[in-house]
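For reference, the structure discussed in these notes is given below.
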Amino acid sequence: MSESALFGNYARSNLTFDHGEGVWLVTSDGRRFLDCGSGIAVNSLGHSHPHLVKALQDQAAKLWHVSNLHQAPEGERLAQRLCAATFADKVLFVNSGAEAMEAAIKCARRFHYDNGQPDRFHIVTFEGAFHGRTLGTIAAGGQAKYLEGFGPKAPGFDQVPAGDLDALKAVIGPQTAAIAIEPIQGEGGIREIQTDFLRALRRICDENGILLIFDEIQTGVGRTGKLFAHQWTGVEPDLMAVAKGIGGGFPMAACLATAETARALSPGTHGTTFGGNALAMAVGNAILDVVLGEGFLEEVSRKGLSFKQKLAGLVDGHPKVLDEVRGTGLMLGLKCAVPVGDYVAAARDAGLLAVPAGDNVVRIMPPLNMSEDEIAIAVERLDKAACAIEAKLLEGAAE
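What follows is the structure in structure tokens.
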């Protein structure tokens, strides 16, 4: 086989998938894999969900794209539904999580500029964060491995340890425009931010005229058993970035804001060619039809608790392979005692797809409509993976 014509920036597996059915992916040679990665928390309703397929097909037969120079009735409808279900008054549709975070950052900076404070542009973020791959969002995330080789770090980002209020207060000053945080750090290793800390952030923002940004790109759209993870805490942001699950696999994202904050992005200040196109809006509305349906989110919570309890038993049974279980709803993580890549590979060999994360954690993020029977199968395959690693450890010890 000739060398790929694609860029080499991804370390791809040797799997080629032909189609998907619910929580299952089927390779071109007929092998079936249980998808507990959901395309990195994207396929919120699994693969080939009939309601999503119909919505996309119906819209594709009518209209794909007309640009944001004209009215967008389906976008209006989706925005109204998101506002009705959240803190927000306004929604800006974009294409990816990084774009949603860029919009939130620009909106926060412009907000203070419009209020006569052009030097107030710093955003405080937290160690272990991941906010995207643009030059702006890798600076916001602050992780050296993503910054290396791309020139000077974009200015205006001050990073402190998550949970450290003293460190946070030390960096806040007249230059601070906003604080940005993930309620649960996904890429950082399924690390939950404590409710008390989020409440303290809201209080600090209010006292200092600072905007609070929540990055719910990975945690949102039902992943934790609420529509958005911050809704468990009672803390509301001024801006919020949403992506991944809101499109169920179709590229779309959004920046949500209060009316006062959203006024900062007046005509000409920001834009996107594809954001809010007719296809994306049809899919987004179809996602909400299901996720906001009666009892759906309660079922995510129930199944998430069941799954987490079973994973805790798995950890107890394999202490040489697994250290602990983390997370809430169907955003779960297994901290490994062996290299996380080894466990992800063993799970794949056992017929289950999972996603590595920081802090030596494997993310378990299946479609939200996964059944109890499929949860049982997932645990069986994760157990098989752990047993395979234990056998290798014994072989190594014998040698």
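Residue numbers for the sequence shown follow the numbering used here, so the first one is 2 and each next one is one higher. Virtual Cβ for every residue (Gly too), placed ideally from N, Cα, C.
Identified DSSP bridge partners for residue i
| i | result |
| --- | --- |
| glutamine 186 | Arg192 |
| isoleucine 214 | Ala181 and Leu240 |
| cysteine 84 | In DSSP, cysteine 84 forms no bridge with anything. |
| histidine 48 | Gly23 |
| cysteine 37 | Bridge partners of cysteine 37: none, in fact. |
| leucine 353 | Leu35 |
Whole-angstrom distance between residue j and residue i, CA atom to CA atom
| i | j | result |
| --- | --- | --- |
| histidine 402 | aspartate 290 | Limits of the chain in this structure are 2 at one end and 400 at the other, which puts residue 402 out of reach. |
| leucine 148 | alanine 104 | 20 Å |
| methionine 253 | leucine 166 | 34 Å |
| glutamine 219 | alanine 399 | 42 Å |
| glycine 210 | glycine 9 | 44 Å |
| leucine 257 | leucine 16 | 37 Å |
| glycine 137 | isoleucine 182 | 15 Å |
| alanine 109 | glutamate 325 | 37 Å |
| glutamate 193 | serine 14 | 29 Å |
| alanine 283 | glycine 174 | 43 Å |
| valine 363 | alanine 379 | 14 Å |
| glycine 305 | leucine 395 | 33 Å |
Span of the beta strand (DSSP E), counted from its first residue to its last, around residue i
| i | result |
| --- | --- |
| isoleucine 124 | 123–127 |
| glycine 221 | Here glycine 221 belongs to no beta strand (DSSP E), and DSSP marks it neither H nor E. |
| glutamate 22 | 18–22 |
| alanine 466 | As shown, the chain starts at 2 and ends at 400. That puts residue 466 outside it, with no answer to give. |
| valine 356 | 356–358 |
Limits of the alpha helix (DSSP H) - the one that residue i falls within
| i | result |
| --- | --- |
| alanine 347 | 341–350 |
| leucine 315 | 297–318 |
| leucine 136 | 136–142 |
| asparagine 286 | 279–292 |
| alanine 145 | 145–148 |
Backbone secondary structure at residue i - three-state DSSP
| i | result |
| --- | --- |
| cysteine 337 | strand |
| glutamine 176 | coil |
| arginine 200 | helix |
| threonine 329 | strand |
| arginine 364 | strand |
| lysine 91 | strand |
| arginine 481 | Here the chain comprises residues numbered 2 to 400, so residue 481 is not present and cannot be evaluated. |
| arginine 13 | coil |
| proline 74 | helix |
| glutamine 160 | strand |
| aspartate 324 | strand |
| threonine 262 | helix |
| alanine 130 | coil |
| alanine 6 | coil |
| alanine 104 | helix |
7 Å Cβ shell around residue i - same chain, five flanking residues per side excluded
| i | result |
| --- | --- |
| glycine 342 | Pro357 |
| proline 156 | none |
| aspartate 120 | Gln176 |
Cβ shell of residue i (< 6 Å), same chain only, five flanking positions each side left out
| i | result |
| --- | --- |
| phenylalanine 18 | Leu26 and Thr28 |
| threonine 329 | Thr225 |
| glycine 133 | Gly98, Ala99 and Met102 |
| glycine 21 | His48 and Ser49 |
| phenylalanine 297 | none |
8 Å Cβ shell around residue i - same chain, five flanking residues per side excluded
| i | result |
| --- | --- |
| alanine 389 | Ala347, Asp350 and Ala351 |
| leucine 64 | Ala279 |
| valine 316 | Leu323, Asp324, Glu325, Val326 and Leu335 |
| glycine 248 | Val43, Ala254, Ala281, Val284, Gly285 and Ile288 |
| leucine 312 | Val326, Leu333, Leu335, Ile365, Val380 and Leu383 |
Residue i Cβ short of 8 Å to the ligand ADP heavy atom set
| i | result |
| --- | --- |
| threonine 17 | The model on display carries no ligand, and the ligand ADP is accordingly not part of it. |
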